[in-house]
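Let me begin by presenting the structure, written as structure tokens, before commenting on it.
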Amino acid sequence: MSNQRYYLKLALIAFLIILLLIPQAFMLGLVGERESWRSQAYQSIEQSWPGTQTLAGPVLTIPYTHQL
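For the sequence shown, the positions run 1008 to 1075 when the numbering used here is used.
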């Protein structure tokens, strides 16, 4: 009797482990999907921004004549 009870408990634990692996698979799929969305968001932001930028300050032009 004790041996049957041991196997019943073992089978119940194995069943619960398998049952708990199902939500874990769903969560892994959800995490993968969100990582994909994040990379798509980064790519769309990169494409909307211009390339390299050049900074230049104001240029002051003073007219003068050079006499020799």
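Backbone N, C-alpha and C define an ideal beta-carbon position, used for all residues, glycine too.
This structure is a prediction, so every number in the text was calculated from the model and none was measured.
Three-state secondary structure (DSSP) of residue i
{"i": "I1020", "result": "helix"}
{"i": "V1066", "result": "coil"}
{"i": "Y1071", "result": "coil"}
{"i": "G1036", "result": "helix"}
{"i": "P1030", "result": "helix"}
{"i": "Q1060", "result": "coil"}
Residue i to residue j span [Cα, whole Å]
{"i": "A1018", "j": "E1042", "result": "36 Å"}
{"i": "L1023", "j": "F1033", "result": "16 Å"}
{"i": "W1056", "j": "G1036", "result": "31 Å"}
{"i": "I1069", "j": "W1044", "result": "55 Å"}
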